[in-house]
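Residue numbers (the working numbering): -3 to 286.
In structure tokens, the structure reads:
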């Protein structure tokens, strides 16, 4: 089933055409990476799908409805932005209680979500006392309480450290496995593609790529990553099953990136960066983003 269908979508601001005849679909239980350079049209596209701004021409369908005209869609769609907007003097628990009441869910229904995002210990804290990363995770938890059928995320991990980003990624993976469709815009190509099923590549308002990742990118390219850590010796021991190769202060591994990251974080290994230069170059070449 297609959760989102877009056909010949065009958006203009006066004489400036921001999106030009964009067409694609988003399937249920999928995670779609929306990639492109700054000013490519990513945020505008997501806002149109979310019903926050109207299109100039073309067709957009979300769950079979026009997002600009249907007032009921927000009940089934969650929109996540790069900055949290939360009442500063409320506690995390008070905010979540409001959402639980609004969407008729119990604490047992959201306990796993709080655990995935690692915010259970902050329930009594006021928003103003939280770090930027924790505020963002509270915003995400609140937005996902209603178990949306579509999650639209515009740079949801911007300004977050790597361990926090992967807590968010794991949450999206869990939501997709339970039926949600997820669209994530980001500039972190290697990381995002490693958790996604589909890729939308946009540049200068033109959709350059729209396909399944496994049809676009060689599988062996998806499995090779370079991880920079603070303790190379210990990390190499922990990642033995990934055939690690030490190269200075980084480790080259092959295999499931999410599993490798979880192993390191569980053992308090600090990760400074993750990259796959060949994958990045391939995507950037496809988009004309060089």
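Heads up, the beta-carbon is just placed ideally off N, CA and C, and yes, glycines get one too.
Which residues does DSSP pair with residue -2 in a beta bridge?
Taking the first residue of the chain shown as position 1, residue -2 is located at position 2. According to DSSP, which records beta bridges pairwise, residue -2 is partnered with 23.
Taking the beta strand (DSSP E) that residue 84 falls in, what are its first and last residues?
As a position in the chain shown, residue 84 is number 88, starting the count at 1. Unbroken run through residue 84: none, as it is neither H nor E.
Outcome for residue 28 when other beta-carbon atoms lying within 10 angstroms are tallied against a minimum of 16
To locate residue 28, count along the chain shown from 1; it is residue 32. Buried: at least 16 other Cβ atoms inside 10 Å.
Can you find at least 3 beta carbon pairs, one from the stretch 65 to 75 and one from the stretch 15 to 35, that sit closer than 8 Å?
These segments do not touch.
Output yes or no for whether 8 Å exceeds the beta carbon distance between residue 79 and residue 3.
Taking the chain shown and counting its residues from 1, the one referred to as residue 79 is at position 83. Taking the chain shown and counting its residues from 1, the one referred to as residue 3 is at position 7. Going by C-beta atoms, residue 79 is not nearer than 8 Å to residue 3.
Using only the alpha-carbon positions, how far apart do residue 196 and residue 209 sit?
Taking the first residue of the chain shown as position 1, residue 196 is located at position 200. Taking the first residue of the chain shown as position 1, residue 209 is located at position 213. So the two alpha carbons sit approximately 9 Å from each other.
Any 3 or more C-beta pairs closer than 8 Å across the stretch 108 to 125 and the stretch 57 to 65:
Two segments are said to touch when three or more pairs of C-beta atoms, one from each, lie closer than 8 Å; by this definition the stretch 108 to 125 does not touch the stretch 57 to 65.
Measuring CB to CB, does residue 30 end up less than 8 Å from residue 191?
Numbered from its first residue, the chain shown carries residue 30 at position 34. Numbered from its first residue, the chain shown carries residue 191 at position 195. Their beta carbons are not under 8 Å apart, which means residue 30 does not touch residue 191 by this criterion.
Near residue 236, which residues of its chain fall below 8 Å by C-beta distance, leaving aside the five closest residues on each side in sequence?
Within the chain shown, the letter at position 240 stands for residue 236. Excluding sequence neighbours, residue 236 sits near nothing in its chain.
Would you mind reading off the limits of the alpha helix (DSSP H) that contains residue 261?
Here residue 261 refers to the residue found at position 265 when the chain shown is read from its first residue. Looking at the DSSP string, the run of the alpha helix (DSSP H) that includes residue 261 is 253 to 262.
Provide the residue span of the beta strand (DSSP E) that contains residue 50, from first to last.
Numbered from its first residue, the chain shown carries residue 50 at position 54. Taken as a continuous stretch (DSSP letters only), residue 50 belongs to no beta strand (DSSP E), as it is neither H nor E.
Which of the three DSSP states, helix, strand or coil, is assigned to residue 115?
Mapped onto the chain shown, residue 115 falls at position 119. Three-state result, residue 115: coil.
Would you mind giving the Cβ-Cβ distance between residue 178 and residue 172, rounded to the nearest angstrom? I have them listed as a contact below 8 Å.
Along the chain shown, one-based indexing puts residue 178 at 182. Along the chain shown, one-based indexing puts residue 172 at 176. Right, their Cβ atoms sit about 5 Å apart.
At the level of alpha carbons, what is the spacing between residue 263 and residue 43?
One-based indexing of the chain shown puts residue 263 at position 267. One-based indexing of the chain shown puts residue 43 at position 47. Rounded to whole angstroms, residue 263 to residue 43 spans 39 Å at the Cα level.
According to DSSP, is residue 177 part of a helix, a strand, or is it coil?
As a working mapping, residue 177 is identified with position 181 in the chain shown. Three-state result, residue 177: strand.
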